[in-house]
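First up is the structure itself, then whatever we jot down about it.
Protein chains in written order, with this note's numbering: chain A, 1 to 256; chain B, 1001 to 1256; chain C, 2001 to 2256.
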């Protein structure tokens, strides 16, 4: 039934190793989760329960069942684990995550005063029970890592057992690899790509222009994250060049 | 089933006297209303049918039934009553609201040239049939009340029978107690809190930074309003310190 | 059941010749499409499958059936046809659109380097099989048409067979008839209205202030487009003067 009259980039099917789409769930009701997965589940790879919302989600079991059925990997937001760490409750948090059946956890130090050594230890602990995503970058726009710190932390995270390293952008796209107006800070991106390659990185890119930048720079199979749930189809259109921002501009065709 | 491994602020159950969350409905379909209430109804206290949308809502009866079942109080947007007032149709508006079963009405003068004396009279009239919320502040960014006018109007509204006084922010968060960029004008907030205390006020705070400011300043049980429907869970996370903006920063724990 | 205590502008029923509302679908799941149409389908006239999303929509058949049942005309986004044109696949695209049953297509040259002569030819071709909307204006903020080009292209499009001409605004409302901050460029609007009259134009107006401007300038039955799906009821409230931005300010009533 799908049309096929256009020449478009080939996209790998799920489960994918690259070209991952990581979405930000702020508390979507379960019936809308079902609707979204039926409509566009094939475009979604990782489903982040934003911040500490998993802790509040009364429909968590039902959502995890749906996600598993659609081949979408659920992930705890890094802030929840940071808070658990700050309260000395890491083991309790991980026991709960394992019990409810979350396959991925994110290890970050964007909020709490966690040393890199402590983060490394936390990654290693988490990796015993879960697939681990880590995040680099602070949530406070006033706190910025130096270039060498970006590279160093990415290297450490991968060595400690991270599957992928997420570059911070927040929901707003105005911190981490972005300046306060949302423009990409290219030297940071270049630095971390120099260390890890784009395949081991996942760029938070909540805004359309940021998504288009990532796709234009690294191709349709770049890993991008913090995608709003109602932008999932839009992002796939951007990956395939089906929206102005990433469309391949061609001269007039010889005929039609 | 809910996890309990974190130490978080205690939140009162519904019906609550403080810590109220007031949401802005712009015309949500009834099936999504049901989904939202099933997922997060315990976090919602007051449901405002924005502006005059209640007048247009073909599913009003079904939505009111759902709201009542979930212990959420429905409220007419103040603009609808202002328009009815300007057309000499106050009694007709109130008769209709009573007939459909809306328990709360908002009395405001943010749009129409209503004197404070007329507003006081309208509050007293409305209070005979409904629980009354009033609003202080104009919707036009060029019209700003002086500090003494803020205090005076809050005092008048409470004396006339208001349960709570709402401070204007609009959907945009750029008027009333906010400047054009959305920054809180703290001297206005201080002034009205000096008159009424935070318990009798409900701060319109549509933006995350505005919500975080209210929570940081007045605690997790501050009353906030004009919350977008897809931000309900996010707001609860902010109240509980489960997002970076309001998380309690602690030193590294002794152990985990 | 609908209330009728207010004096409001009369709005024509569907199918309407003017006062059209054109919405932007970015990939809404079918169950939410159903919910929206049941709640507010009477307010929607044209449903645009944004950019190339129709090509990706796994629920296209079901959505088209729903739209037809609610008297809403489905339309292909102009970018999809531009891409098909650039790949020499115009006939294939139109054959597919006819087969799935899309009644409207949009012909634009906002992305690809299509000459006005080629656009005219494409309009004429499309008009043999579909009702045709055309669009004037570029998506790149750096490319701006002169005033005489705006007028010339609108005239050409209508002569070539367009039912309505859409003025470009994008999802952001920052190009075409808007400056980079989203302010209306009134001399462009005046120019195209001088050529075609507001009845043959449809103004993309994704932002509330832009919608309010169109309504204040051309009346409640102006044709506006690129309306976000959750703004449909809000727009109808604006058309009827049920929100501050377009409410008719009256002096205090003699009595109530």
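The C-beta atom is built at its ideal place from N, Cα and C for all residues, glycine as well.
Taking only three categories from DSSP, how would you classify residue i?
i	result
residue 142(A)	coil
residue 205(A)	coil
residue 1228(B)	strand
residue 76(A)	strand
residue 1185(B)	coil
Apart from the five residues on each side of it in sequence, which residues of its chain come closer than 6 Å, Cβ to Cβ, to residue i?
i	result
residue 1077(B)	1048, 1049, 1050, 1051
residue 1177(B)	1167, 1185, 1188, 1189
residue 2109(C)	2119
residue 151(A)	191, 195
residue 2067(C)	2047, 2074
residue 2023(C)	2044, 2047, 2227, 2229
residue 1129(B)	1094, 1098
For residue i and residue j, I'd like the C-alpha separation in whole angstroms.
i	j	result
residue 158(A)	residue 11(A)	26 Å
residue 1251(B)	residue 122(A)	16 Å
residue 203(A)	residue 2173(C)	27 Å
residue 1131(B)	residue 1169(B)	21 Å
residue 1105(B)	residue 2036(C)	26 Å
residue 2060(C)	residue 224(A)	26 Å
residue 1179(B)	residue 2099(C)	53 Å
residue 2255(C)	residue 1089(B)	9 Å
residue 21(A)	residue 2084(C)	26 Å
residue 2241(C)	residue 103(A)	51 Å
residue 1201(B)	residue 1219(B)	14 Å
residue 2232(C)	residue 1027(B)	8 Å
residue 1193(B)	residue 2236(C)	37 Å
residue 2124(C)	residue 2160(C)	6 Å
residue 2145(C)	residue 2114(C)	14 Å
residue 2137(C)	residue 2116(C)	12 Å
residue 79(A)	residue 2080(C)	40 Å
residue 2069(C)	residue 2057(C)	19 Å
residue 2009(C)	residue 2253(C)	19 Å
residue 1071(B)	residue 1175(B)	31 Å
residue 1199(B)	residue 1019(B)	8 Å
residue 2171(C)	residue 2206(C)	6 Å
residue 1217(B)	residue 2248(C)	38 Å
residue 2005(C)	residue 1082(B)	13 Å
residue 2163(C)	residue 2135(C)	11 Å
residue 1234(B)	residue 13(A)	32 Å
residue 2038(C)	residue 1221(B)	37 Å
residue 96(A)	residue 1101(B)	43 Å
Can you list, in chain order, the residues of its chain with a C-beta nearer than 7 Å to that of residue i? Leave out the 5 residues immediately preceding and following it.
i	result
residue 238(A)	211, 212, 215, 245, 246
residue 1086(B)	1112
residue 2033(C)	2063, 2066
residue 1107(B)	1078, 1081, 1119, 1122, 1123, 1126, 1132, 1134
Taking all protein chains shown into account, decide if residue i is buried (16 or more other Cβ within 10 angstroms of its Cβ) or exposed.
i	result
residue 2003(C)	buried
residue 1041(B)	buried
residue 1031(B)	buried
residue 1153(B)	buried
residue 147(A)	exposed
residue 2140(C)	exposed
residue 1065(B)	exposed
residue 1091(B)	exposed
residue 2243(C)	buried
residue 2029(C)	buried
residue 15(A)	exposed
residue 142(A)	exposed
residue 1197(B)	exposed
residue 54(A)	buried
residue 165(A)	buried
residue 17(A)	exposed
Among residues of its own chain, excluding the 5 on either side of residue i, which ones have a beta-carbon nearer than 8 Å to its beta-carbon?
i	result
residue 209(A)	182, 245
residue 1156(B)	1116, 1119, 1120
What I want to know is whether the C-beta of residue i ends up closer than 8 Å to one or more non-hydrogen atoms of the ligand FAD.
i	result
residue 80(A)	Here there are no bound small molecules, and the ligand FAD is not part of this structure.
For this session: Could you name each continuous beta strand (DSSP E) segment of 3 residues or more that falls completely within the segment 1020-1053 of chain B, going from the start of the chain to the end?
Result: DSSP runs (the beta strand (DSSP E)) wholly in the segment 1020-1053 of chain B: 1021-1025, 1046-1049.
Exercise. Going along the chain, which unbroken runs of the alpha helix (DSSP H) with 4 or more residues stay wholly within the segment 1088-1168 of chain B?
Worked result: Those alpha helix (DSSP H) runs which fall completely within the segment 1088-1168 of chain B and span 4+ residues are 1090-1100, 1116-1127, 1147-1160.
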